[in-house]
Every structure is written in C-alpha cells, then in structure tokens.
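Q:
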Amino acid sequence: MNLKEYWNLFNQNAKNGIFMFDRNYMDYHADRFIDHSLMFYEDSKLIALLPLNIKDCVLYSHQGLTFGGFIVDYSMRQQKMLECFCKLQEYMREIKSNRLIYKSIPHIYHKVSAEEDLYALFRSGAKIMRIDCSATIYLQNPIRFSELRKRGVKKALKNEVQIESSTNFPAFITLLNEVLQTKHNTQAVHSAKELELLHNRFKENITLYIAKQNNEILAATLLFIYPNLVHTQYLATSEKGRAVGALDLLIKT
C-alpha cells in the first residue's frame with residue numbers, strides 16, 4: 076500500500092474524515108499549491124493526518140479546501156493531540172517555518188466529537204485571525220417556510236417548474252458565474268471541467284440539482300453529501316427563476 080492509499084484508508088475510517096480529504100479530491104488542483112501534508116505516527120502506527128500546503132515558508136491548512144485541521148482516528152485523546160502539536164512545532168523549526176495558518180474542521184462534519192485540536196491550539200498560544208459564519212438546519216426540527224417562500228413554491232408549481240438531478244455542469248457554471256459576477260463581482264472557485272472530474276470521482280458525494288422550465292435552467296444547487304449532513308456548495312437562480320419562485324421550489328424539494 077502506497078502513501079496515497081494509506082492516507083485515503085485512514086481518512087475513510089477517521090472520526091472526522093470526509094471525502095474532501097481524500098487525495099483524489101485534494102489532488103485535482105495540485106498544480107495550484109505546493110502540498111506539504113503530514114502523517115503522524117506513534118510506534119509505526121498512523122494516528123493522524125494534517126492536510127497542508129506551504130507558501131513562502133508559511134504552512135497553511137490546505138488552501139484548496141474550505142477547512143482542514145487534524146484528521147484523527149477513534150483512539151485520539153487530548154494528551155496525544157498535545158503531543159502531535161509538539162511534534163508539529165518541532166518539525167516547523169526543522170524546516171524553518173515560523174507560522175501555521177490553521178482552519179479547524181467544524182464539528183458538524185465529525186462522526187463523533189473530535190475537537191482535541193482546539194484545546195491544543197489554545198495551549199500552543201494560537202491567535203484567532205478570522206471566524207466565518209454558517210447556518211445549519213437540523214432536519215429533525217426543520218425551519219418553517221415563510222409565507223413569502225410558500226407563495227414562491229406555489230408560483231413555481233403553477234408555472235410548471237420541474238426539479239431533477241443533472242450532470243450539465245457547463246450550463247450550471249454559466250448560470251452561477253452570471254449571478255456571482257452581478258451580485259459579488261467574482262467567479263466560482265470551480266470550473267465546469269473540474270466539477271465534472273470531481274463528480275466522476277465522487278458520484279455519491281457530489282450531486283447537481285436543477286429547476287427548469289421548458290428545458291431552460293432557472294435555478295440550481297450543487298450539493299456536497301457527507302455521512303451525516305448535506306452541504307449546499309453552490310446555490311444560484313436567474314432573474315427569470317426568481318420571478319417564478321424556482322429556487323423556492325428547489326429548496327423545498
């Protein structure tokens with residue numbers, strides 16, 4: 076078994092491993108980053124992974140990922156994590172890197188609690204540079220649709236908007252980039268070819284759903300599917316789609 080296979084097997088069985096940490100996902104944009112990921116061993120047994128890249132002697136939780144802290148197995152305990160951080164600091168001194176930008180894995184992605192790294196960061200004197208917000212809906216206790224959204228759903232049904240899964244990534248990216256350019260003066264992180272590649276590698280984890288009318292895509296969402304949650308990686312609707320409530324129906328469905 077080579078290192079890539081060993082990494083992927085450990086990630087698959089880790090208590091906070093997800094498909095984005097699989098090397099077949101991480102390496103799709105290997106040309107953009109100098110990968111410097113680390114594997115931690117104890118008595119020849121692999122106990123942790125740390126997806127990293129390096130730039131100008133600074134180590135980063137892999138910048139090709141939304142987040143990427145320590146990936147650990149079920150035997151990880153707090154003391155062992157503190158030891159991992161000590162070894163990491165020793166290694167950084169060896170390679171003359173004096174800075175680590177660390178993005179912890181949000182707890183909602185954990186199979187079981189795996190936040191030993193947060194205390195270790197505190198003990199290491201880490202400073203918070205940035206905090207991003209996100210919203211999570213527990214489907215056992217869902218948020219009720221507002222009357223406005225309910226009217227949008229009815230309007231979409233009246234206009235015969237249809238919801239279906241799709242692999243038309245070029246049309247999706249065109250719609251998404253139009254929205255992003257208009258609203259935020261930016262473009263999607265992924266290209267259509269990259270999404271096609273990732274979808275082919277992770278068919279069970281990456282799914283595109285569209286809302287269409289007469290074969291015209293009015294709204295779409297790209298879902299990243301994890302063992303215990305579904306994440307809307309992208310969500311977009313055209314002006315016409317907004318007028319007929321296409322996105323409301325897509326979300327409701």
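Start counting at 1 in the sequence shown, then tack on 75, and there's your number in the numbering used here.
C-beta: ideal position from N, C-alpha, C; glycine also.
1) Are the CB atoms of Phe115 and Cys161 nearer to each other than 8 Å?
2) Do the segment 193 to 203 and the segment 297 to 304 meet, that is, are 3 or more Cβ pairs less than 8 Å apart?
3) Can you tell me where the alpha helix (DSSP H) holding Lys79 begins and where it ends?
4) Could you check the C-alpha separation between Lys229 and Ile212 for me, to the nearest Å?
5) With H, G and I counted as helix, E and B as strand and the rest as coil, what does DSSP make of Arg205?
6) Looking at C-beta atoms only, is the number of pairs between the segment 185 to 193 and the segment 142 to 155 that lie closer than 8 Å three or more?
7) Exposed or buried, what is Thr242 when buried is set at 16 or more other beta-carbons lying within 10 Å of its beta-carbon?
8) Whole angstroms is fine: what's the gap from Ser209's alpha carbon to Ile183's?
9) Specify, as a first and last residue, the run of the beta strand (DSSP E) that Met101 falls within.
10) If the criterion is Cβ atoms closer than 8 Å, does the pair Val133 and Arg174 meet it?
11) So what does Phe115 bridge to, in DSSP terms?
12) In three-state terms, what does DSSP make of Val228?
13) Mind reading off the beta-carbon distance from Thr296 to Ile238? Whole number of angstroms is fine, and I expect it under 8 Å.
14) Please identify the residue among Ile326, Leu163 and Arg152 whose C-alpha is closest to the C-alpha of Lys171.
15) Taking DSSP as the reference, what is the three-state secondary structure of Ala321?
16) To the nearest angstrom, how far is the alpha carbon of Arg98 from that of Val254?
A: Taking the definition as stated:
1) For the purposes of this step, residue 115 is identified with residue 40 of the sequence shown, where counting begins at 1. For the purposes of this step, residue 161 is identified with residue 86 of the sequence shown, where counting begins at 1. No, Cβ-Cβ distance for Phe115 and Cys161 is not below 8 Å.
2) no
3) Taking the first residue of the sequence shown as position 1, residue 79 is located at position 4. Leu78 to Asn88 is the span of the alpha helix (DSSP H), which, as asked, contains Lys79.
4) As a first step, residue 229 is located in the sequence shown; it is residue number 154 there, counting from the start. As a first step, residue 212 is located in the sequence shown; it is residue number 137 there, counting from the start. Rounded to whole angstroms, Lys229 to Ile212 spans 23 Å at the Cα level.
5) Within the sequence shown, the letter at position 130 stands for residue 205. It is coil, neither helix nor strand.
6) yes
7) For this step, residue 242 is matched to residue 167 along the sequence shown. Result: exposed.
8) Here the question's residue 209 lines up with position 134 in the sequence shown. Here the question's residue 183 lines up with position 108 in the sequence shown. Straight-line Cα distance between these residues: approximately 11 Å.
9) Translated into positions along the sequence shown, residue 101 becomes position 26. Taken as a continuous stretch (DSSP letters only), Met101 belongs to no beta strand (DSSP E), being part of the alpha helix (DSSP H) at Arg98 to Met101.
10) Sequence index remark: in the sequence shown, residue 133 carries index 58 (1-based). Sequence index remark: in the sequence shown, residue 174 carries index 99 (1-based). Yes. Within cutoff.
11) As a first step, residue 115 must be located in the sequence shown, where it is residue number 40. For Phe115, which the question treats as bridged, DSSP gives the partners Ala123.
12) Residue 228 sits at position 153 when you count from the first residue of the sequence shown. Looking at Val228 - three-state DSSP - the assignment turns out to be helix.
13) In the sequence shown, counting from the first residue as 1, residue 296 sits at position 221. In the sequence shown, counting from the first residue as 1, residue 238 sits at position 163. About 10 Å separates the two Cβ atoms, so there is no contact after all.
14) Working through the sequence shown from its first residue, we reach residue 171 at position 96. Measuring from the Cα of Lys171, the nearest candidate turns out to be Leu163.
15) Along the sequence shown, one-based indexing puts residue 321 at 246. Note: Ala321 maps to helix in three-state DSSP.
16) Here the question's residue 98 lines up with position 23 in the sequence shown. Here the question's residue 254 lines up with position 179 in the sequence shown. Cα to Cα, Arg98 sits roughly 31 Å from Val254.
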